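In the numbering used here, the protein residues as written are 9 to 227. Note that CB positions come from ideal geometry on N, CA and C, so glycine has one too. Keep in mind that this is a model prediction, so the values were computed, not measured.
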């Protein structure tokens, strides 16, 4: 989908202004927001792609007016309600007043370090050979799906060069919607700045993206 987070190349949002020595958290509640989100993910009701899609599906007025961890909490509310762990009545009361779904598992405090260290690998073996090779010219597809996608708008319908061929990884476009992992090969594709941004683009600029195989066509 063309979500509010997909800002690549768009104007009117001001410059990116990184903070020098930026802290991990700007307020104490942000630490709790991170912890609650990770613990809720441990319930086993959704995967990382569904959680990312929930954040990127927030209404633009909400997304643009929210800080980083506010976006996380707002999306977590969506996920908890969707999977039956939270109701509107619970939110209105500020406590649990309705029954809730039974989680598949519960992340205990003593297990957090091991779970975080293990991570969530998303690489998967593939039997089929790579469709494209390094140095090959390819064109990204032009589409505007209503569901999840990792192909940004600025890179659709663009001519680029395969810079690297990777192994198979979970396909987020289907995994975000409970339609299976459907692993695909991943490619790093590089584009000239003029191809992406057109006339007036910095001629020394290039941009690369990681693109799943189904995003690409022979040039």
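Residue i - containing beta strand (DSSP E), residue span
i	result
residue 219	214 to 220
The alpha helix (DSSP H) enclosing residue i, as first and last residue numbers
i	result
residue 31	Taken as a continuous stretch (DSSP letters only), residue 31 belongs to no alpha helix (DSSP H), as it is neither H nor E.
residue 47	36 to 49
C-beta contact flag for residue i and residue j at 9 Å
i	j	result
residue 196	residue 170	yes
residue 54	residue 87	yes
residue 175	residue 133	yes
residue 123	residue 50	yes
residue 109	residue 92	yes
residue 224	residue 149	yes
residue 181	residue 205	no
Supposed contact pair residue j and residue i - C-beta distance, whole angstroms, cut 8 Å
i	j	result
residue 146	residue 165	Contact flag wrong, Cβ pair sits at about 12 Å.
residue 214	residue 198	6 Å
residue 11	residue 78	About 16 Å separates the two Cβ atoms, so there is no contact after all.
Beta bridge counterpart(s) of residue i as assigned by DSSP
i	result
residue 167	147
residue 225	147
residue 179	Answer is none; residue 179 lacks a bridge partner.
residue 173	195
Legend entry - Start-end ranges of the alpha helix (DSSP H) lying completely within the segment 59 to 139, minimum 4 residues: 68 to 72, 76 to 90, 96 to 101, 120 to 126
Inset, instruction - Entirely within the segment 183 to 208 and at least 3 residues each: give me those beta strand (DSSP E) ranges in chain order. - result: 192 to 200
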